[in-house]
Amino acid sequence: MVPEIRPLAGRWVRPIGLGCMSLATAYGRTPSDAEALAVLDRALALGVDHLDTARAYGGGRAEALIGRALRGRREGVLLASKGGLSYDREGRRVVDGRPEALRAAVEASLRALATDHIDLYYLHRVDERVPVEESVGALARLVEAGAIGAIGLSEVSAATLRRASAVHPIAAVQNEYSPWTRNPEIALLAACRELGTALVAFAPLGRGALAAGLPEPARLDDFRGRIPRFQPPHRERNAELLARFAALAAEAGLTPAQLALRWVLSRDERVHAIPGTASAAHLEENLAALECSVTAEILAEVDALLAPEQVAGARYGPEQRANVDTEEFPVP
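Residue numbers (my numbering): 1 to 332.
In structure tokens, the structure reads:
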């Protein structure tokens, strides 16, 4: 069974948290404030104690929604946010890891979140113009000042984690990890074990594909339309794999989302998952995975079915791949 709680940033929390990107941006229709707050209220009522957001999510909108939701109940939640990545008026990505930019980002996040400290703060992307040691050094000074409790990194390699850890302990690395994206297994998981760093898996449901299959290309009106594995010629191969994955979930008595989450959490006791959703029903389905069991045989079948050499197409397009430092398996 999945351990009931796992360590993260000096706290013990449930291993399934809530990723809050889809409450403000990214996937299809953006929910209204009332809809997003209803999901956050339901998450807190169900015992979710790890909320993950970022300054880049809706230009601070996700943080502001969380700040509203946490009024009067802040202390029971490990609150994580990220900085160093934003978007300009034309929607172009801007990565800025300069110390002064990170200080300003933390200050803006504190105001939006209506809190005096952020428990876990990630460098959202490594700025190739700024040594990661300088960015982490700036965050270390914010730890000393009490503005943030612990430092994390996002979308980084084992080598970058080691460089950063030489400056200050890194509590968590947040990288994409799911049954069909195994890159952390190349080197990062081993480095996390060595350094005592948690691995927080974002997109553990394959950006929805492992939960509901692949949408038709014409219906992809969000950034997944630029991800190769969602598009022809890769889409057909992956749709076949996902249909077989759904059959395995049915055999195990789980939904596909629950099987994906159980697989992720089974990889190592330092792994956490932060599936995102704007649906209370999907939230409840995801959290129910903590109460489910799955056999080693089914998990092994998932391993083989969605092994890196089986999944067609890259997880990012060229533009999205910029500023990502992770190790990558060869793409079939």
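The C-beta atom is built at its ideal place from N, Cα and C for all residues, glycine as well.
Bear in mind the structure is a predicted one, so any value in this text is a computation, not a measurement.
Excluding sequence positions up to five before and after residue 290, its CB lies within less than 8 Å of the CB of 2, 4, 14, 15, 16, all in the same chain and listed in chain order. With a cut-off of 8 Å on Cβ pairs, the region 274 to 281 is not in contact with the region 313 to 320, counting fewer than three such pairs. The region 111 to 124 makes contact with the region 148 to 156, as at least three CB pairs between them are under 8 Å. Residue 55 is classed as buried because its beta carbon has at least 16 other beta carbons within 10 Å across all chains shown. Taking 8 Å as the cut-off, the beta carbon of residue 46 is found no closer than this to the beta carbon of residue 69.
Put simply, of 81, 235, 204 the residue whose alpha carbon is nearest the alpha carbon of residue 266 is 204. Contact between residue 299 and residue 263 holds, with the beta-carbon distance rounding to 6 Å and staying under 8 Å.
Boundaries of the alpha helix (DSSP H) around residue 251: 234 to 252. Straight through space, the alpha carbons of residue 86 and residue 29 are spaced by roughly 20 Å. When secondary structure is reduced to three states using DSSP, residue 197 falls in the coil class, being assigned neither helix nor strand. CA-CA distance, residue 191 to residue 271, rounds to 13 Å. Nearest in C-alpha terms to residue 73, of all of 96, 48, 84, 97, is 48. In this structure, residue 157 places its C-beta atom within 8 Å of the C-beta atom of residue 188. In chain order, 97, 98 place their CB closer than 7 Å to the CB of residue 130, counting only its own chain and leaving out the 5 sequence neighbours on each side. Ranked by Cα distance from residue 78, the options 324, 6, 93, 25 are led by 6. DSSP, reduced to helix, strand and coil, places residue 223 within a helical segment of the structure shown.
In this structure, the beta-carbon distance from residue 163 to residue 134 does not fall below 8 Å.
Residue 183 places its beta carbon less than 8 Å from that of residue 328.
Separation of residue 168 and residue 137 (C-alpha to C-alpha, rounded to the nearest whole angstrom) is 7 Å. Partner residues in the beta bridge of residue 86, as assigned by DSSP, are 94.
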